[in-house]
Amino acid sequence: MNYLGKRLFDIVGSILALLAFSPLFILLSVLILITDGRPIFYRQNRIGKGGKMFRIIKFRSMYKDADKILKSNPAIYQKYLENDYKLPEGEDPRITKIGRILRKTSLDELPQFINVLKGDMSLVGPRPIVPEELREYGEKKNEFLLMKPGITGIWQVSGRSELKYPERTRVELKYMQVQSFSYDLRVLYKTVNCVFKRQGAF
């Protein structure tokens, strides 16, 4: 798939998704506001194509002082680093009650369609990583940075949080060799199945 074709696909797809999910956007925004106040959205620095940093947008599923909570407990923080920058299901003290539901259903990721529309992300691509994770790609990091991160991709339909480094590195880089319009459609179809089955989401 050429760049212009993929970008057009991303623009049309993200607009349709934002329109289709607009009632859900409003509902979730109200629920977060009522249960835990502002802000409704969570923004975090992620690495984009070419190493350019961008702010990923999600529905806030954590407490407002989440980073402080994580780093205040050295044992929990070390476990977070050793577990590929995540904590096992049920062990993350940063997540709110409604946040657990949002994460389990992947609804916290809906605002990422805004990132796609802005051009920071694509509908399909490698997972958007935090700066610390780039070291996991070693000498392959420049190859990884040739790709725009996606809302979904091979990682998401191959086990998601259950798939660990370095296997995840191999899976993500594989996308460069197999990407095409038909392949992206297959990944999107598989993503819908994974979301409904809640595979690897926490």
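Numbering-wise, our numbering puts 220 at position 107 of the sequence shown, and it's gapless, one number per residue. Cβ atoms here follow ideal geometry from the backbone N, Cα and C, with glycine treated the same way.
Reference residue i, options the options, closest by Cα
| i | options | result |
| --- | --- | --- |
| V243 | K119, G164, K253 and K181 | G164 |
| F134 | Y302, P152, F226 and V305 | F226 |
| G266 | L286, K184 and D233 | L286 |
| G212 | V305, Y116, N306 and D149 | D149 |
| G83 | G263, S271 and Q269 | The first residue shown for the chain is 114 and the last is 315, placing residue 83 beyond what the model contains. |
| V284 | W268, I160, V305 and A188 | W268 |
| M166 | E245, V270, E249 and Y250 | E245 |
| R120 | V270, L276, M260 and K303 | M260 |
| R173 | L223, K162, E249 and L200 | L223 |
| M234 | P201, Y250, C307 and N158 | N158 |
| D123 | T209, L298 and C307 | L298 |
| L220 | Y116, I170 and Y198 | I170 |
Residue i to residue j span [Cα, whole Å]
| i | j | result |
| --- | --- | --- |
| F154 | L131 | 15 Å |
| K254 | R168 | 20 Å |
| F294 | Y288 | 12 Å |
| V291 | V143 | 41 Å |
| D205 | G118 | 40 Å |
| R240 | Y278 | 13 Å |
| K207 | K217 | Position check: residue 207 holds Arg in this sequence, whereas Lys was assumed. Each residue's Cα considered, the two are about 15 Å apart. |
| I196 | G232 | The residue asked about is misnamed: residue 196 is Asn in this sequence, not Ile. Cα to Cα, the separation comes out at about 30 Å. |
| K184 | Q191 | 9 Å |
| P136 | E252 | 44 Å |
| I147 | I139 | 12 Å |
| V270 | V305 | 9 Å |
| R248 | F257 | 11 Å |
Environment of residue i [buried if 16+ CB atoms lie within 10 Å]
| i | result |
| --- | --- |
| G238 | buried |
| R281 | buried |
| V193 | It is worth fixing the name first, because residue 193 is Tyr in this sequence and not Val. By the neighbour-count rule (16 or more Cβ atoms within 10 Å), Y193 is buried. |
| F309 | exposed |
| V300 | buried |
| N228 | buried |
| G161 | buried |
Closer than 7 Å to chain C by CB, residue i
| i | result |
| --- | --- |
| K199 | No chain C appears in this structure, which consists of one protein chain only. |
Where residue i sits in the DSSP three-state scheme
| i | result |
| --- | --- |
| I182 | helix |
| Y198 | coil |
| Q290 | helix |
| F315 | With a pLDDT of 42 at F315, under the threshold of 50, the predicted position of this residue should be treated as unreliable, though the coordinate-derived value follows. Looking at F315 - three-state DSSP - the assignment turns out to be coil, as it is neither helix nor strand. |
| N115 | coil |
For this session: Return the chain-ordered ranges of every alpha helix (DSSP H) run that is complete within the region 201 to 284 and spans a minimum of 4 residues.
Result: 210 to 217, 225 to 231 and 254 to 257
Problem set entry | Every unbroken beta strand (DSSP E) within the region 124 to 186, with a cutoff of 3 residues, ordered by chain | 154 to 160 and 166 to 172
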